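Per mature numbering (1 follows the signal peptide of the UniProt record, and there is no 0): the sequence shown = residues -31 to -1, 1 to 819. Beta carbons: idealized from backbone N, C-alpha and C, even for Gly. As the structure is a computational prediction, the values presented were derived from the model and not from experiment.
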Amino acid sequence: MHFSRYLARFSSAWGSALAALVLIASPAANASFSVEVQPAGTIPDLPDPVGRAGMVAGTVTEHDGAQSIIAAGGANFPQAAPGAATPEERGPKVYHQDIFKLRNGQWSNAGTLPVPLGYAAFGSVGKGLAVAGGHNAEGILADSLLIKADGSVEKLPPLPVPITEAACAFHGNKLFVIGGRNAEQPEAALNTVYMLDTTPDTARMKWQQLPPFHGPGRILSTAAICDGTLFIVGGCTLSKDASGETARTYLSDLIDYNMTSNNPSEWGAMSKQPLAGPGTPVAAAAGPAPVRENAILLIGGDKRGNTPDASRPVVQSRDILAYDVIKNTWTHEGEWPVGIATAPAVVKGTGIMTISGETAPGVRTAVNASATAGYHFEMSMVDYAVLILTIIVMAIIIISAMRHGVKNVSAVTDPNTRPGLWAWVAVIVLWFVVMLNYFDRQLLSALHEPIVRDIPQTEAQFGMVTSVFLLIYALLSPVGGFLADRYSRRLMILCSLVVWSVVTWWTGHAEDYTSLLIARGAMGISEAFYIPAALALITDYHRGSTRSIATGLHMSGIYVGMAVAGFGATMASWTGWRMTFALFGLIGVAYAIVLILFLKDPGKAPADTALARKPSKPEEKTVLVNVDNDEQVIKEPASNLSTGAVLSSLLSGRPMWMLLAVVAFAGAGNWFLLTWYPTLLQDKYQLSSAEAGPAATLWSSVAKYVAVLGGAILADMWYKRNKRARALVPGITFTISGPLVVLALLPGIFGWDIAVPLVLMLGLVATQGLAQGSLDATLMPVLRSHIDERYSATGYGLLNLTSAGVGALISFFGGWFKDQGVPLTTTLAASGCLMLFCGLLLLTLPRPRH
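Okay, here's the thing in structure tokens:
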């Protein structure tokens, strides 16, 4: 069938399919969410039998990696008579300074605070539990502390002003103190927002004042951070009444703040519509408010409102309210085991617990209540669409394999003629596949925060999720290449895309860490079977002077996919991270239909008679064409040879070993930059993580994209005059870039008093991107010119194994050397030296065999 007929069919049928896809995806809702309240007594009560209000609490990481819970301070009325309702009956209010630790199901005394305190802001940061402000019998405090896992206490920079009864939230290593009051009888509450980044050492830490939130100041509000946005719920405003006493007005609103901006107008700017409040005034709910699956949980709280009924005692609320950030709606998710207010909420794994707290004014409880909250699977329209399309695509693949066979038919395109239309169609349609592959890789990192929030795991465990993908991808790349040499490369690519789509969809439905780990391992399988087959198929089509540019165009999709992954994170803010993965799984399996229509094996693609030579029995013999003299060589097809014979052929020549060393040395520099370059910039130039990340990736990504296209064009143009050109282009760039990278780091290595400007550092190190991009564009053409072309996919799989294996090692040893006191500048300079060796190896490669 001619290409025009395929195009006509695509315009009608596939256009309708895309429209249907939009309709299916449009009603996609947030992931299903539920709260399961545990019976009272599930966790041990606080050691203080009276109970306390206003404690600080959070998780801390022990030396063995396990998590414990620290709870400290708080206030109560130890002399209160049962049923005491007046201040006189309650007796004096006592503030405490002991530190308790819950580990292995038992509470123990872990230490002592410098002073008694209650009602402070707090949050679990990487180094321990950060505490700021609060008050005691002596007055309001400005002190800030860090409580470590062993119970020791370290002083942090004090708040700019004394603050108590503020809302608190934490994000990574940052603690936020929101509102509160700074006097015993203030005219009004505060509307200030202070932030402390605990990442640097104590000497360099400082509180940063963010723009104030809109509206009146408030005390006892509850805060939460979800996907880069700070939310504040309820609380009380303060004012002087006619008698001069401070009066409270209870609030029922919800406001939001874009933390990525220092512009005061950004308060509320994240909302497409006014945010829905909880529907009732509420103050002193458990905080910081837990967040699960884009839902903010408001547990308990004081709901007396503005005109409480003085004739009956006030009992704190047991309601569990959930605010869906995406839908802008509140739902009632059940009741807490006890009515609670002024209690800390602690999230550990999938569990949420409140520590002690106030059940009524002046009345405390030692009961610690808990619940589990998280995702449960329910089929949506997107899920049904993925299932149906997967069945349809797999049925087409199976029928095609039964009708046309699964053996690989080697390309026989004449290298001295220009490639036909289908050769370029293959490059175009596969560009989108490789773009999706690398989009998915970066999307996991881009959605790090919500994934770790909803599937609790340590940073080391999250690193293992990436490592298991890389390990399986590396180990199976030669297997994928070997199978692509034996069987239809088109079928391999189709099956890989279907598996990729299903696994991407599955990632969005992972309920726990184990299922997430398995899903990413399965992703390594799908991608290991794609790249060798795709590059072999493209270079089957492009055998002459277009081989590098065709490869470069395809590989440019890698950098586009990595660049646009950030927009996937933006999409997740609209649909939730789970639905984002599910939708891209749907896009992938739908795109498989495009491949079915437009991707052809070279030996079977429609072509002009001048563009192809076909053997009479391709299943028996393979016709290979020698580029230099255009002679046909009859050889056994790869499907008839054993694994040993293939490996023996590949590894018997010196060029293959040289190329393995090339990708090892190049991979050392590339993976080190991907893993540790942002950290180096933070350490050397005191950049924040928000500044270092884009600075580290943007320059290099642009350089790689320019080089993967420009280097390919240059290599193909030069190839017409010099058959070694495809190795010389990356060889020259690596030989130049390696010393430039070392030059940028020399002052730091030798301790010279020379400050390399940041722009110069970024520019010099970005030359590595030029070298890596040019190598990506020419590696497969260079490989095929030095080996038996029947085994090109297997050969590329071996190169992938080496590169990814070195990447895994360099990612680990970069951190290990840093722990041993070796600066990152030294490690990166060593990678620059390896890049130089990589260039020299490419320059000294023998003349191509064919």
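Annotated three-state conformation of Phe431 is helix, per DSSP. In its chain, beyond the 5 residues on either side, Val4, Ile289 and Ala291 have a beta carbon closer than 6 Å to the beta carbon of Glu302. Annotation: Ser221 is outside any beta strand (DSSP E) and is labelled neither H nor E by DSSP.
At a Cβ-Cβ threshold of 8 Å, Gly269 and Ala255 count as neighbours. Ranked by how close their Cα comes to the Cα of Leu770, the residues Ala101, Asn73, Pro501 and Thr30 have Pro501 in first place. A distance below 6 Å between beta-carbons, with the five flanking residues on each side excluded, links Cys464 to no residue of its chain.
Contact between Trp391 and Lys569 holds, since their C-beta atoms are separated by about 6 Å, short of 8 Å. One alpha carbon belongs to Asn78, the other to Ile68, and they sit about 6 Å apart.
Between the C-alpha atoms of Met531 and Leu566 there is a straight-line separation of about 27 Å.
The C-alpha of Leu744 lies about 28 Å from the C-alpha of Val725. Fewer than three Cβ pairs drawn from the segment 613 to 623 and the segment 795 to 806 lie within less than 8 Å of each other, which leaves the two stretches out of contact. The segment 758 to 766 makes no contact with the segment 697 to 713: fewer than 3 CB pairs, one atom from each, lie closer than 8 Å.
Within the model, the alpha-carbon separation for Val468 versus Leu555 is close to 12 Å. Ranked by Cα distance from Tyr407, the first of Leu649, Phe553 and Val751 is Phe553. Counting only unbroken stretches of 3 or more residues, no beta strand (DSSP E) element lies wholly within the segment 501 to 537. The shortest CA-to-CA distance from Ile701 to any of Met730, Ile360, Gly742 and Leu731 is the one to Gly742. Scanning the segment 330 to 407 from its first residue to its last, the whole alpha helix (DSSP H) runs of 4-plus residues come out as 350 to 373.
Taking all protein chains shown into account, Gln178 has fewer than 16 neighbouring C-beta atoms within 10 Å of its C-beta and is therefore exposed. Distance from the CA of Ser495 to the CA of Leu504, rounded to the nearest whole angstrom, comes to 15 Å. Scanning its chain for C-beta atoms nearer than 6 Å, with the 5 sequence neighbours on each side dropped, one finds around Asn105 the residues Tyr64, Pro85 and Leu86, in chain order. Counting C-beta pairs with one atom in each stretch, the segment 162 to 176 and the segment 123 to 130 have three or more that are closer than 8 Å, which means they touch. Under the three-state reduction of DSSP output, Glu134 falls in the coil class, being neither helix nor strand.
It is roughly 24 Å from the alpha-carbon of Pro56 to the alpha-carbon of Pro313.
Sequence-distant Cβ neighbours of Asn263 in its own chain, meaning closer than 6 Å and more than five residues away, are Asn(-2), Val294, Ile295 and Gly545. Counting other Cβ atoms within 10 Å of its Cβ, Gly52 stays below 16 and is therefore classed as exposed. Arg150 sits away from Leu110, with the two beta carbons spaced by 8 Å or more. Secondary structure note for Gln741: its alpha helix (DSSP H) is the uninterrupted segment Thr736 to His755. Judged by DSSP secondary structure, Gly490 falls within the alpha helix (DSSP H) whose first and last residues are Tyr482 to Ala497.
If you draw a 10 Å sphere on the C-beta of Ala135, you find 16 or more other C-beta atoms in it, and that means buried. Taking C-beta atoms as the reference points, Pro155 and Thr215 count as a pair closer than 8 Å.
The residue among Thr191, Leu199, Pro13 and Leu266 with its C-alpha nearest the C-alpha of Ala252 is Thr191.
Note: Leu727 is not bridge-paired with any residue in the DSSP secondary-structure output. Exclusion of the five residues before and after Phe703 leaves Ala740, Met804, Cys807 and Gly808 as the residues of its chain whose Cβ lies within less than 6 Å of its Cβ.
Distances from the CA of Trp543 to each of Gly679, Val751 and Asp196 were compared; the closest alpha carbon is that of Asp196. The DSSP-derived three-state label of Phe91 is strand. Counted as a single uninterrupted DSSP element, the stretch harbouring Ala264 is not any alpha helix (DSSP H) but the beta strand (DSSP E) occupying residues Ala264 to Ile268.
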